[in-house]
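> The structure under discussion is supplied below as structure tokens; questions concerning it will follow.
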Amino acid sequence: MQVNGDLANIKTYILEKLKALYDMRVPIGQISTRELNEEMLAITEDTDREVAVYLNRQGKVVQVSLGDTATVDLPEFKQKTRSDLRLSGIRCIHTHPSGDVRLSAPDLSSLRRLRFDCMAAIGRKDKKIIGCLAFFAGEMSEDGTQLLTQYGPAEDKILAQINLNLLVTVVNKKLAAQSTKSTEDEVERAILAGVERPGSSWPIEESMAELERLADTAGAKVVAAFTQRKEKPDAAFFLGRGKVNELAMEIQNLEATLLILDDELTPSQQHNLERMLGVKVIDRTALILDIFAQRARSREGKLQVELAQLRYNLPRLSGQGLALSRLGGGIGTRGPGETKLEVDRRRIYSKIHDIEEQIDGMKKSRSLHRKRRKESQIPLVALVGYTNAGKSTLLNKLTGSEVFAEDKLFATLDPTTRHLQLPEKQEILLTDTVGFIQKLPHTLVKAFRATLEEVQEADLLLHVVDCSNENLEAQIEAVVAVLKELEADGKPVLYVFNKADQLANPHIREQLLHGRDGVFISAMTGENLDGLQRRIEGFFQESQVRMTLLIPYDEGAAVTKLHKLNAVVETAYEETGTKVEVRLPLSEKDSFTKYELKE
Numbered sequence: 001m002q003v004n005g006d007l008a009n010i011k012t013y014i015l016e017k018l019k020a021l022y023d024m025r026v027p028i029g030q031i032s033t034r035e036l037n038e039e040m041l042a043i044t045e046d047t048d049r050e051v052a053v054y055l056n057r058q059g060k061v062v063q064v065s066l067g068d069t070a071t072v073d074l075p076e077f078k079q080k081t082r083s084d085l086r087l088s089g090i091r092c093i094h095t096h097p098s099g100d101v102r103l104s105a106p107d108l109s110s111l112r113r114l115r116f117d118c119m120a121a122i123g124r125k126d127k128k129i130i131g132c133l134a135f136f137a138g139e140m141s142e143d144g145t146q147l148l149t150q151y152g153p154a155e156d157k158i159l160a161q162i163n164l165n166l167l168v169t170v171v172n173k174k175l176a177a178q179s180t181k182s183t184e185d186e187v188e189r190a191i192l193a194g195v196e197r198p199g200s201s202w203p204i205e206e207s208m209a210e211l212e213r214l215a216d217t218a219g220a221k222v223v224a225a226f227t228q229r230k231e232k233p234d235a236a237f238f239l240g241r242g243k244v245n246e247l248a249m250e251i252q253n254l255e256a257t258l259l260i261l262d263d264e265l266t267p268s269q270q271h272n273l274e275r276m277l278g279v280k281v282i283d284r285t286a287l288i289l290d291i292f293a294q295r296a297r298s299r300e301g302k303l304q305v306e307l308a309q310l311r312y313n314l315p316r317l318s319g320q321g322l323a324l325s326r327l328g329g330g331i332g333t334r335g336p337g338e339t340k341l342e343v344d345r346r347r348i349y350s351k352i353h354d355i356e357e358q359i360d361g362m363k364k365s366r367s368l369h370r371k372r373r374k375e376s377q378i379p380l381v382a383l384v385g386y387t388n389a390g391k392s393t394l395l396n397k398l399t400g401s402e403v404f405a406e407d408k409l410f411a412t413l414d415p416t417t418r419h420l421q422l423p424e425k426q427e428i429l430l431t432d433t434v435g436f437i438q439k440l441p442h443t444l445v446k447a448f449r450a451t452l453e454e455v456q457e458a459d460l461l462l463h464v465v466d467c468s469n470e471n472l473e474a475q476i477e478a479v480v481a482v483l484k485e486l487e488a489d490g491k492p493v494l495y496v497f498n499k500a501d502q503l504a505n506p507h508i509r510e511q512l513l514h515g516r517d518g519v520f521i522s523a524m525t526g527e528n529l530d531g532l533q534r535r536i537e538g539f540f541q542e543s544q545v546r547m548t549l550l551i552p553y554d555e556g557a558a559v560t561k562l563h564k565l566n567a568v569v570e571t572a573y574e575e576t577g578t579k580v581e582v583r584l585p586l587s588e589k590d591s592f593t594k595y596e597l598k599e
């Protein structure tokens with residue numbers, strides 16, 4: 001029988017006593033027995049350590065743990081139940097070496113989180129065994145937390161008179177009668193953690209604040225955040241061992257159900273943390289993928305998210321904490337066919353190939369649309385920038401559209417293209433793209449490369465910057481880095497400094513424009529949007545020529561070609577032919593010079 005906990009420097013006879021606890025039985029319906037209590041306290045008095053036993057409803061000891069004088073290891077020991085609104089069927093009895101048997105906050109947190117039938121602490125006082133007991137009251141507080149009932153301190157002979165079966169039956173009936181949300185609708189309570197490394201371009205406070213916004217966007221409730229300064233992440237746990245132990249206590253105290261790390265974890269780091277902490281552990285990449293999955297609306301967007309998730313999960317298939325691969329290869333799983341691990345991996349490779357083929361098919365369709373656009377000579381302008389910089393709001397203001405815009409990260413995932421006529425009747429196509437973010441994993445850029453083709457094909461990039469953000473320079477660098485990865489860093493760029501209405505210091509404008517071609521606007525208030533349109537129009541006019549043409553009626557093919565080039569500004573019908581005001585690409589000027597009207 002295995003004994004859990006820190007067994008370093010434990011003498012052999014003590015270990016044998018701990019193992020012997022597995023052989024003890026408690027009558028059905030009784031919380032504990034004097035014999036079991038005496039054995040547990042004897043070990044505590046020999047070691048000055050807490051001892052915990054976990055019993056099922058048949059009175060059988062199913063697990064034994066040894067801790068230190070402050071706590072005992074409370075592993076994730078939750079039996080399968082017919083409903084999350086029922087008790088687990090397991091009770092925990094543990095000793096308190098100090099003799100103070102009052103239940104601690106971690107004790108009560110474990111009771112709630114693991115849904116024990118009850119939690120009991122015992123100790124010795126004046127040569128008598130006394131204890132405290134806590135169990136679910138079957139009622140909820142206003143904030144949705146399950147209320148607990150505590151009983152004691154009382155002598156163990158009094159506690160032994162409590163009918164545990166009756167208690168469990170009553171509580172389960174009350175829990176089953178509660179009208180609560182399903183598990184999918186419950187808000188996950190998340191703790192954030194990050195490592196501050198010397199030389200990082202992002203202050204740890206900024207990075208953690210952004211992680212909190214990401215967690216909020218994903219629908220989690222952040223209950224705490226922890227940081228640690230390290231030269232490099234720990235190879236096994238990413239965080240230092242001491243910080244992991246601290247998190248283990250806080251997870252119990254705060255009843256957290258999720259730990260989110262501010263960097264990408266290796267599969268082994270994720271597995272080790274989940275094993276040590278007993279809660280789900282995800283990293284920044286998985287969090288962003290979850291948001292993408294919620295935000296994807298188009299079929300292509302959903303496929304790209306699924307592709308990114310499959311590529312992310314593939315290296316985590318060797319039993320590293322993912323439910324789909326709990327059974328890896330090895331003794332007890334071998335057979336004449338493939339191991340479950342091999343089957344899972346083969347299925348994922350097959351699924352990735354299938355999705356890639358579907359995306360390639362959509363890519364061909366987009367290529368046809370792009371060919372027609374080029375033939376029409378309508379310029380393409382792409383909005384790029386850090387997430388939540390205001391790109392979608394700007395698109396809506398300029399084009400009168402109602403594209404979904406929200407003050408949350410990654411509100412836009414699928415690209416949206418709208419037609420826009422500028423003040424001097426220059427027509428352009430304006431495309432809104434997914435926002436970029438710091439620490440954007442290469443796998444995400446690769447998966448969304450098809451969506452970001454609009455950026456690669458654009459004639460002009462509008463780099464939208466939230467100029468009210470204190471960390472805007474680092475945000476600009478993050479966007480430029482992604483553009484470079486997309487091989488779009490050589491495109492003409494006009495910086496659009498949005499939220500200018502929130503700039504208190506006018507000198508900041510001069511600093512931001514140093515070495516940059518930019519314009520200040522407010523997409524929300526409409527400030528200087530006409531100036532932005534003039535700048536866009538001016539950019540394209542540099543590669544165009546305006547001409548007034550008179551084309552004879554018997555040469556109507558020339559007029560048709562002008563319309564295909566999208567060059568016609570105004571049309572009038574004269575006696576001798578069609579008079580057209582045109583804006584032509586310089587490359588087409590010579591073809592129409594013979595029709596030009598000279599003043």
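Take the sequence shown: its letters are residues 1 to 599, numbered as in UniProt numbering. Built from N, CA and C at the ideal position, the CB exists for glycine as well.
1. Please report the straight-line C-alpha distance between Met208 and Ala256, rounded to a whole angstrom.
2. For the region 434 to 446 and the region 355 to 372, state whether three or more C-beta atom pairs, one from each stretch, are separated by less than 8 Å.
3. Does the count of Cβ pairs from the region 1 to 10 and the region 121 to 137 closer than 8 Å reach three?
4. Could you compute how far the alpha carbon of Arg189 sits from the alpha carbon of Thr149?
5. Indicate whether Leu55 and Arg86 have their beta-carbon atoms separated by less than 8 Å.
6. Taking 7 Å as the cut-off, does the CB of Ile288 come closer than this to any heavy atom belonging to the ligand ZN?
7. Per DSSP, what kind of secondary structure is Gln150 in: helix, strand or coil?
8. Which residue wins for smallest C-alpha separation from Leu167, given the options Leu422, Arg373, Arg57?
9. In terms of residue numbering, what span does the beta strand (DSSP E) encompassing Gly518 cover?
10. Roughly how many whole angstroms lie between the Cα atoms of Lys17 and Met276?
11. Taking the beta carbon of Asp554 as the centre, do at least 16 other beta carbons fall within 10 Å, making it buried, or is it exposed?
12. For the beta strand (DSSP E) containing Asp3, name the first residue and the last one.
13. Using only alpha-carbon positions, find the residue among Leu147, Ile130, Asn163 that is nearest to Glu156.
14. Leaving out the 5 sequence neighbours to the left and right, which residues in its chain are closer than 8 Å to Ala160 when beta-carbon positions are compared?
15. Between the region 519 to 527 and the region 476 to 484, do at least 3 Cβ pairs fall closer than 8 Å?
16. Compute the distance between the beta-carbons of Asn253 and Ile122, then report whether it is under 8 Å.
17. Thinking just about the alpha-carbon of each residue, which of Pro315, Asn313, Gln304 is nearest to the one in Glu357?
18. Check whether the Cβ atoms of Glu264 and Arg284 sit closer than 8 Å, and answer yes or no.
19. Put Gln544 into one of helix, strand or coil per three-state DSSP.
20. Assign Leu597 to one of two classes, buried (16 or more other C-beta atoms within 10 Å of its C-beta) or exposed (fewer than that).
21. Rounded to the nearest angstrom, how far is the Cβ of Leu380 from that of Leu429, given a contact under 8 Å?
22. Evaluate the contact criterion for the region 413 to 426 versus the region 489 to 509: three or more CB pairs, one atom per stretch, below 8 Å.
23. Could you tell me whether the region 109 to 120 touches the region 58 to 68, using the rule of 3 or more Cβ pairs below 8 Å?
24. Is Tyr386 near Gln475, with beta carbons less than 8 Å apart?
Working from what's here:
1. Each residue's Cα considered, the two are about 18 Å apart.
2. No: the two stretches stay apart, fewer than three of their Cβ pairs being nearer than 8 Å.
3. Touching, no, given that fewer than three Cβ pairs across the two stretches are closer than 8 Å.
4. The straight-line gap separating the alpha-carbon atoms of Arg189 and Thr149 is approximately 23 Å.
5. No.
6. This structure simply doesn't include the ligand ZN, nor any ligand for that matter.
7. Strand.
8. Looking from the CA of Leu167, the closest CA among Leu422, Arg373, Arg57 belongs to Arg57.
9. That run of the beta strand (DSSP E) goes 518 to 520.
10. It is roughly 25 Å from the alpha-carbon of Lys17 to the alpha-carbon of Met276.
11. Exposed: under 16 other Cβ atoms inside 10 Å.
12. Correcting the residue identity first, residue 3 is Val in this sequence and not Asp. Where Val3 is concerned, the enclosing beta strand (DSSP E) stretches over 3 to 5.
13. Sequence inspection shows Asp at residue 156; the Glu mentioned does not correspond to that position. In terms of CA proximity to Asp156, Ile130 leads the group Leu147, Ile130, Asn163.
14. When the five nearest sequence neighbours on each side are left out, the beta carbons in the same chain lying within less than 8 Å of the beta carbon of Ala160 are those of Gln30, Ile31, Ser32, Thr33, Arg34, in order along the chain.
15. At 8 Å Cβ cutoff, the stretches do not touch.
16. No; because the gap between Cβ atoms is not below 8 Å, this pair is not in contact.
17. Among Pro315, Asn313, Gln304, the Cα nearest to that of Glu357 is on Gln304.
18. Going by C-beta atoms, Glu264 is nearer than 8 Å to Arg284.
19. In this structure, Gln544 counts as strand in the three-state DSSP scheme.
20. Answer is exposed; the Cβ neighbour count stays below 16.
21. Correct: roughly 5 Å between the Cβ atoms.
22. Fewer than three pairs of CB atoms, one per stretch, sit closer than 8 Å, so the region 413 to 426 makes no contact with the region 489 to 509.
23. Too few Cβ pairs lie closer than 8 Å, so no.
24. Contact flag set, yes.
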